[in-house]
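First comes the structure, then the notes that go with it.
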Amino acid sequence: MSFCEHCQGQRFDRSRVLRALRATHKRLRVRPDGDRDAQTIVAAIEAVRTLDIPHIEYVEDEVIH
219 MSFCEHCQGQ
229 RFDRSRVLRA
239 LRATHKRLRV
249 RPDGDRDAQT
259 IVAAIEAVRT
269 LDIPHIEYVE
279 DEVIH
């Protein structure tokens with residue numbers, strides 16, 4: 219499956235955000251007082267996972283979402 223440049227860029231950005239959140243979650247889990255913070259990061263990870271990545275098509279110089 220191939221993606222247009224816009225969609226590929228959004229997928230890349232989303233994966234970078236998820237990696238950063240997962241790394242933060244891992245760091246927080248090992249802290250004695252990090253449980254509540256880690257739960258917040260888990261909620262953020264789930265929110266990013268559910269983001270709809272719109273596809274943009276160009277038709278005769280018009281952008282269609």
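For the sequence shown, the positions run 219 to 283 when the numbering used here is used.
From the three backbone atoms N, C-alpha and C, an ideal C-beta is built for every residue, glycine too.
- Between residue 271 and residue 237, the C-beta spacing is not below 9 Å.
- The criterion of a C-beta distance shorter than 9 Å is satisfied by residue 232 and residue 266.
- Here residue 236 carries a helix assignment [DSSP, helix/strand/coil].
- Scanning the stretch 246 to 270 from its first residue to its last, the whole alpha helix (DSSP H) runs of 4-plus residues come out as 253 to 267.
- Around the Cβ of residue 269, a 10 Å sphere holds fewer than 16 other Cβ atoms; the residue is exposed.
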